[in-house]
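> To start, I am sharing the structure in question, which I have written as structure tokens.
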Amino acid sequence: MSHKSVLTKLTGEIIIEKVSYLAETWFSLLSQRNHEKASDICRDFLKRYGKEFHLDNLNEDDRNTLLMSLIFSKSLHEFTELSQITASNKWLKHPETTERVWFKLCACRERLQFLSHHYKGEIIEMIFSDLDNLEKDFQSEFGEGIYVSPGIVSDSRFCSVCGQDFRACSHITGRLYDGNICSHRSVKPRLNHLAIVEVPKDFRCRIWSWKIKQNNDGSITINVCSLTSFSVDDFLQEPYSPLHVLEAEATFNHELSQVDRLTSYQFE
Numbered sequence: 256m257s258h259k260s261v262l263t264k265l266t267g268e269i270i271i272e273k274v275s276y277l278a279e280t281w282f283s284l285l286s287q288r289n290h291e292k293a294s295d296i297c298r299d300f301l302k303r304y305g306k307e308f309h310l311d312n313l314n315e316d317d318r319n320t321l322l323m324s325l326i327f328s329k330s331l332h333e334f335t336e337l338s339q340i341t342a343s344n345k346w347l348k349h350p351e352t353t354e355r356v357w358f359k360l361c362a363c364r365e366r367l368q369f370l371s372h373h374y375k376g377e378i379i380e381m382i383f384s385d386l387d388n389l390e391k392d393f394q395s396e397f398g399e400g401i402y403v404s405p406g407i408v409s410d411s412r413f414c415s416v417c418g419q420d421f422r423a424c425s426h427i428t429g430r431l432y433d434g435n436i437c438s439h440r441s442v443k444p445r446l447n448h449l450a451i452v453e454v455p456k457d458f459r460c461r462i463w464s465w466k467i468k469q470n471n472d473g474s475i476t477i478n479v480c481s482l483t484s485f486s487v488d489d490f491l492q493e494p495y496s497p498l499h500v501l502e503a504e505a506t507f508n509h510e511l512s513q514v515d516r517l518t519s520y521q522f523e
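If you're matching positions, the sequence shown starts at 256 in our numbering and goes up one per residue.
In structure tokens:
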């Protein structure tokens with residue numbers, strides 16, 4: 256007698272059930288400071304349902320639900336990493352770790368901000384609160400921070416949903432379309448200029464004291480992240496590639512009012 260395996264079709268209801276179980280288990284593990292297992296269950300969820308996301312067997316509503324669940328799982332994983340790294344204050348004394356924590360904080364916050372337009376919940380509120388407290392640690396140690404705002408030129412810009420020139424399509428930036436988040440993509444983006452600001456579009460572009468060099472002529476040379484490839488669903492893109500960072504070395508006059516020299520580096 257032959258037996259056939261029965262595959263359960265993934266639906267929005269099943270997705271919500273699975274991600275709810277993930278959230279409950281994750282919270283329990285994190286409360287016990289079991290960071291490794293908390294990270295593992297998030298990675299397992301991302302691996303299993305990330306594959307489902309790329310299969311063409313979901314309707315639009317279910318596909319959108321799965322996308323939101325995957326972004327939620329990714330934010331849980333990033334927050335777990337943050338919790339583990341910042342368990343002691345030693346990270347504040349290491350520049351590379353400090354920058355890494357800042358990048359993860361920005362990523363986790365942006366993913367949750369996107370989710371909060373669609374879902375509310377105690378876990379999301381808890382993470383926001385803890386991220387706020389972590390940001391206060393940065394303020395206490397490094398001040399409010401100053402940032403660079405890049406001026407970018409490109410050959411053209413197109414819609415990520417339909418591929419048309421963004422001025423000619425009807426899709427709305429930030430809205431979900433069958434598991435795709437509408438955004439404007441640039442073709443051959445290039446760094447044209449930099450400005451120093453207090454409130455940037457991308458908070459990853461922070462100027463760190465250890466990357467500032469005082470020159471003999473009174474000018475200041477800064478090595479800084481000027482542009483990143485981050486998007487809230489970047490981990491689902493195929494082929495997958497890690498976060499790209501465009502770094503720039505800028506020399507400002509002594510009043511920091513203009514850039515005298517600017518050297519940009521390709522994405523790494």
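Beta carbons: idealized from backbone N, C-alpha and C, even for Gly.
Please report the distance separating the alpha-carbon of Asp-317 from that of His-448.
Numbered from 1 along the sequence shown, position 62 holds the residue referred to as residue 317. Numbered from 1 along the sequence shown, position 193 holds the residue referred to as residue 448. Straight-line Cα distance between these residues: approximately 43 Å.
> Grouping DSSP H, G and I as helix and E and B as strand, with all else coil, what is Ile-379?
In the sequence shown, the residue the question calls residue 379 occupies position 124. In the structure shown, Ile-379 sits in a helix (DSSP, three-state: H, G or I).
> Quick test of the definition: if touching needs 3 or more C-beta pairs under 8 Å, does the stretch 485-492 touch the stretch 363-383?
Here the stretch 485-492 makes contact with the stretch 363-383; the two share three or more CB pairs at distances below 8 Å.
> Quick one: Cα of Trp-463 to Cα of Gly-400, how far?
Along the sequence shown, one-based indexing puts residue 463 at 208. Along the sequence shown, one-based indexing puts residue 400 at 145. Cα to Cα, the separation comes out at about 8 Å.
> CB-CB under 6 Å to Arg-412, same chain, minus the five flanking residues each way: which ones, in chain order?
What you label residue 412 is simply residue 157 of the sequence shown in a count that begins at 1. For Arg-412, where only same-chain residues beyond five positions count, the Cβ hits under 6 Å are Phe-421, His-439 and Ser-441.
> Identify every residue that forms a DSSP beta bridge with Asp-489.
By one-based count along the sequence shown, residue 489 stands at place 234. Answer is none; Asp-489 lacks a bridge partner.
> Where do the N-terminal and C-terminal ends of the beta strand (DSSP E) with Val-500 fall, by residue?
As a first step, residue 500 must be located in the sequence shown, where it is residue number 245. Looking at the DSSP string, the run of the beta strand (DSSP E) that includes Val-500 is 500-507.
> Would you call the CB atoms of Phe-300 and Leu-277 closer than 7 Å?
Numbered from its first residue, the sequence shown carries residue 300 at position 45. Numbered from its first residue, the sequence shown carries residue 277 at position 22. Against a cut-off of 7 Å, the Cβ pair of Leu-277 and Phe-300 comes out as a contact.
> May I have the straight-line CA-CA distance separating Lys-391 from Lys-466, to the nearest angstrom?
For the purposes of this step, residue 391 is taken as residue 136 along the sequence shown, with counting starting at 1. For the purposes of this step, residue 466 is taken as residue 211 along the sequence shown, with counting starting at 1. If you take the alpha carbons of Lys-391 and Lys-466, they lie about 22 Å apart.
> Which same chain residues end up closer than 7 Å to Cys-437 when comparing Cβ atoms and leaving out the 5 residues on each side of it in sequence?
Taking the first residue of the sequence shown as position 1, residue 437 is located at position 182. For Cys-437, same chain residues with a beta-carbon under 7 Å away, outside a window of 5 residues either side, are Cys-414, Ser-415, Val-416, His-426, Ile-427, Thr-428, Gly-429 and Arg-430 in chain order.
> Mind checking whether Val-356 and Ser-404 have CB atoms under 7 Å apart?
Taking the sequence shown and counting its residues from 1, one reaches residue 356 at position 101. Taking the sequence shown and counting its residues from 1, one reaches residue 404 at position 149. No; because the gap between Cβ atoms is not below 7 Å, this pair is not in contact.
> Give the list of continuous beta strand (DSSP E) stretches no shorter than 3 residues that lie fully inside the stretch 356-443.
402-408, 411-414 and 439-442
> Under the rule that 16 or more other beta-carbon atoms within 10 Å means buried, what is Ser-324, buried or exposed?
Position 69 of the sequence shown, counting from 1, holds the residue named residue 324. By the 10 Å Cβ count, Ser-324 comes out buried.
> Out of His-332, Glu-396, Tyr-304 and Leu-331, which one is the CA nearest neighbour of Thr-320?
On the sequence shown, residue 320 is found 65 positions in, with the first residue counted as 1. The candidate whose alpha carbon is nearest that of Thr-320 is Tyr-304.
> DSSP on Asn-478, reduced to helix/strand/coil?
As a working note, residue 478 is residue 223 in the sequence shown. Here Asn-478 sits in strand by DSSP.
> Please say whether His-332 and Ser-286 have beta carbons closer to each other than 7 Å?
For the purposes of this step, residue 286 is taken as residue 31 along the sequence shown, with counting starting at 1. For the purposes of this step, residue 332 is taken as residue 77 along the sequence shown, with counting starting at 1. It is not a contact, given that the beta carbons lie outside the stated cut-off.
> By the three-class DSSP mapping on this structure, what secondary structure does Tyr-520 have?
Within the sequence shown, numbered from 1, the residue matching residue 520 stands at position 265. Model confidence at Tyr-520 stands at a pLDDT of 41, short of 50, so the residue's coordinates are unreliable and nothing is read from them.
> Taking just the CA atoms, how far does Leu-360 sit from Asn-289?
Walking along the sequence shown from the start, residue 289 turns up at place 34. Walking along the sequence shown from the start, residue 360 turns up at place 105. Those two C-alpha atoms are separated by around 20 Å.
> Can you tell me whether Ile-407 is buried or exposed? The criterion is at least 16 other CB atoms within 10 Å of its CB, across all chains shown.
In the sequence shown, the residue the question calls residue 407 occupies position 152. Result: exposed.
> Relative to the C-alpha of Tyr-432, which candidate in Leu-313, Leu-347, Val-479 and Glu-380 has its C-alpha closest?
Counting from one through the sequence shown, the residue named residue 432 turns up at place 177. It is Leu-313 whose Cα lies nearest to the Cα of Tyr-432.
> Just list the residues that DSSP pairs Ala-450 with in beta bridges.
For this step, residue 450 is matched to residue 195 along the sequence shown. BP columns for Ala-450 point to Ser-404.
> How is Arg-459 classed by DSSP in three states: helix, strand or coil?
On the sequence shown, position 204 is the one that residue 459 refers to. Residue state, collapsed to three classes: coil.
> Roughly how many whole angstroms lie between the Cα atoms of Gln-492 and Gln-394?
On the sequence shown, residue 492 is found 237 positions in, with the first residue counted as 1. On the sequence shown, residue 394 is found 139 positions in, with the first residue counted as 1. Distance between the alpha carbons of Gln-492 and Gln-394 is about 34 Å.
> Can you give me the Cβ contacts of Lys-345 inside the same chain, cut-off strictly under 7 Å, excluding the 5 residues immediately before and after it?
As a working mapping, residue 345 is identified with position 90 in the sequence shown. So the list is empty, once near-sequence residues are dropped.
> Could you compute how far the alpha carbon of Cys-424 sits from the alpha carbon of Pro-444?
On the sequence shown, residue 424 is found 169 positions in, with the first residue counted as 1. On the sequence shown, residue 444 is found 189 positions in, with the first residue counted as 1. Cα-Cα distance, rounded: 21 Å.
> Looking only at DSSP bridge pairs, what is Gln-469 linked to?
Looking up residue 469 in the sequence shown gives position 214. Answer is Ile-475, bridged to Gln-469.
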